[in-house]
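What follows is a short report on a single structure.
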Amino acid sequence: MKKELNLLLVNGSPRGERSLTRQLASSFMDYWRANGVTGTIKEHDVGRNPPPFVTEDWVAAAFTPPADRTSRMKQALAYSDTAIAELKKADVLVLATPMHNYGLPAATKAWVDQVIRVNETFSFDLGRGDFPIEPKLSGKRMVLLTSAGEFGFEQSGIRAGKNHLHPHVETIAHYLGVSHSWGASIEYQEFVDQRFEKSKARAFSKLPDIFEELLLSYTSTDDATKNSK
Ligand SMILES: Cc1cc2nc3c(=O)[nH]c(=O)nc-3n(C[C@H](O)[C@H](O)[C@H](O)COP(=O)(O)O)c2cc1C
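Mapping the sequence shown onto the working numbering, position 55 (from 1) lands on 49, and the numbers just tick up by one.
Shown next, in the form of structure tokens:
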């Protein structure tokens, strides 16, 4: 079983100790640390320190070949460079993020916009016809930990059509180089009733299984993924 894995934890909640997604992430990290996985752990706290938004300077810089970039362009890409380096190094991405207005919080989305960048995390080639974009990274594992105030966001749930968080992350994950993913979600936070307690307990109880399955995913398939980054 593969035990040397670099992990990147992205926390997207603006809340501190009270954040349910931070609590889920922290619990998952307890399993990670307690079970002899070596490798680096990097936390990127975008909830508390929101990334800059993409600007016109940023776009111009991203589309300029590295050798031709001015110092202003390099400055515009500085955050992105660091965030991309963290992602490239990671075998495992733990993305802990609340649902805000039925989708990703702005800070988490800003991180996504900083890391999904032409010639870095994806290539663009019109020779590919109607689908010119392809990810450059592959083989990463993702654990998506979410929390919502309402409920019924699962596929057959009463608010499935309002869930713009999970389908969005699923689409994005491809461009982050994710090949396998797992998730745990808390719902009912705003109801503060028994259903909330049950949902919370269920989400936390999934974490050890996710941890085991994640490690097992390296035994059968691509132990060589470290070289694919
Ligand atoms: C700005 C904001 C927007 C929210 N939008 C939604 C929403 O659209 N749907 C929902 O079910 N809950 C929504 N919530 C509730 C959060 O998803 C819920 O409180 C969740 O537990 C937050 O995660 P955290 O505890 O990790 O911060 C919103 C909360 C905030 C602060």
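Glycine included, C-beta positions come from ideal geometry on N, C-alpha and C. From a predicted model like this one, the values you see are computed outputs, not experimental measurements.
Residue i to residue j, Cα distance in whole Å?
i, j, result
"proline 126", "aspartate 187", "48 Å"
"leucine 209", "lysine -3", "7 Å"
"isoleucine 35", "alanine 84", "9 Å"
"asparagine 113", "lysine 103", "20 Å"
"alanine 99", "proline 59", "Looking at the sequence provided, one finds proline at residue 99 rather than alanine. Cα-Cα distance, rounded: 31 Å."
"proline 129", "serine 175", "16 Å"
"lysine 200", "arginine 9", "23 Å"
"proline 202", "aspartate 62", "48 Å"
"glutamine 17", "proline 92", "12 Å"
"tyrosine 226", "threonine 64", "Lying before the first or after the last residue shown, residue 226 is absent from the chain, which here runs from -5 to 223."
"serine 132", "glycine 151", "31 Å"
"glutamate 207", "histidine 160", "20 Å"
"valine 172", "lysine 82", "11 Å"
"isoleucine 166", "methionine 136", "11 Å"
With a threshold of 6 Å (Cβ to nearest heavy atom), would residue i be considered close to ligand 1?
i, result
"histidine 94", "yes"
"glutamate 144", "yes"
"glutamine 149", "no"
"serine 132", "no"
"threonine 15", "yes"
"arginine 9", "yes"
"serine 179", "no"
"serine 241", "There is no way to answer for residue 241, as the model of the chain reaches only from -5 to 223."
"glutamine 183", "yes"
Which residue comes first and which comes last in the beta strand (DSSP E) that contains residue i?
i, result
"aspartate 39", "35 to 39"
"glutamate 128", "127 to 129"
"alanine 77", "It is not in any beta strand (DSSP E) - alanine 77 instead sits in the alpha helix (DSSP H) that spans 72 to 83."
"proline 92", "86 to 92"
"threonine 140", "134 to 141"
"alanine 154", "Alanine 154 -> no beta strand (DSSP E), and no H or E assigned at all."
Flag residue i as yes if its beta-carbon sits less than 7 Å from any beta-carbon of chain D, otherwise no.
i, result
"histidine 174", "Chain labels in this structure do not include chain D; a single protein chain is all it has."
Whose C-beta lies closer than 6 Å to the C-beta of residue i among residues of the same chain, with five residues either side of it excluded?
i, result
"valine 48", "Asp107"
"serine 13", "Ser7"
"lysine 156", "Tyr96"
"phenylalanine 145", "Glu181 and Tyr182"
Which same chain residues, not among the five before or five after residue i, have their C-beta less than 8 Å away from its C-beta?
i, result
"alanine 77", "His38, Pro45, Trp105, Gln108 and Val109"
"phenylalanine 116", "Ile110, Ile127, Glu128, Pro129, Lys130 and Tyr169"
"glycine 30", "Lys(-3)"
"valine 40", "Val4, Asn5, Gly6, Ala101, Thr102, Ala104 and Trp105"
Between residue i and the rest of its own chain, which residues show a CB-CB distance below 7 Å, the 5 nearest in sequence each way excluded?
i, result
"leucine 71", "Trp52, Ala55 and Ala56"
"leucine 120", "Pro126"
"serine 233", "Absent from the structure is residue 233, since the part of the chain shown begins at -5 and ends at 223."
Span of the alpha helix (DSSP H) holding residue i?
i, result
"arginine 27", "14 to 28"
"alanine 100", "100 to 109"
"alanine 167", "160 to 169"
Original post:
Contact between the segment 132 to 149 and the segment 172 to 185: three or more CB pairs below 8 Å?
Top reply: yes
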